[in-house]
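Enquirer: For reference, the structure I am asking about is given below.
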Amino acid sequence: DEQTEPLGVAKVLKGVVEAEKPGLVILGKQAIDDDSNQTGQMLAALLGWAQGTFASKVLIDGDKAKVTREVDGGLQTVELKMPA
1144 DEQTEPLGVA KVLKGVVEAE KPGLVILGKQ AIDDDSNQTG QMLAALLGWA
1194 QGTFASKVLI DGDKAKVTRE VDGGLQTVEL KMPA
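Residue numbering for the sequence shown follows the numbering used here, beginning at 1144 and increasing consecutively.
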């Protein structure tokens, strides 16, 4: 059995994002076989986009996304310029 690697998935998703041109891409952090949280971060890097990992709340405000994320010791809110 061959495993699909996160970078391979990110490259495929990059093609979809470039074709569809969404303002915001939301991905999960878990797969059935691991909890690596790599694909979304790799996709953001390939696109040169901002990212808000471990998001628990997302609010869209014009061309910005306000992301509340879970961090050690509580919550942190960051503002990302879209697309993100």
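By construction, the Cβ of each residue, glycine as well, lies at the ideal position given by its N, Cα and C atoms.
Look up residue 1218 in the DSSP assignment and give the residues it is bridged to.
Expert: Answer is 1213, bridged to residue 1218.
Enquirer: Is it true that the segment 1203–1211 meets the segment 1171–1182, where meeting means three or more beta-carbon pairs spaced less than 8 Å apart?
Expert: Flag = no, the segment 1203–1211 and the segment 1171–1182 do not touch.
Enquirer: Classify residue 1218: buried if its beta carbon has 16 or more other beta carbons within 10 angstroms, exposed otherwise.
Expert: That one is exposed.
Enquirer: Find the nearest neighbour of residue 1181 within the set 1150, 1226 and 1225, judged by alpha-carbon distance.
Expert: Of 1150, 1226 and 1225, the residue nearest in Cα terms is 1150.
Enquirer: Check whether the Cβ atoms of residue 1183 and residue 1170 lie closer than 8 Å to each other.
Expert: Yes.
Enquirer: Give a yes or no on whether the C-beta atoms belonging to residue 1224 and residue 1193 are separated by under 8 Å.
Expert: Yes.
Enquirer: By the DSSP assignment, the beta strand (DSSP E) with residue 1202 in it spans what residues?
Expert: Here the beta strand (DSSP E) through residue 1202 covers 1198–1204.
Enquirer: Have a look at the DSSP bridge pairing and note the partners of residue 1208.
Expert: DSSP output for residue 1208 lists 1203 and 1223 as bridge partner(s).
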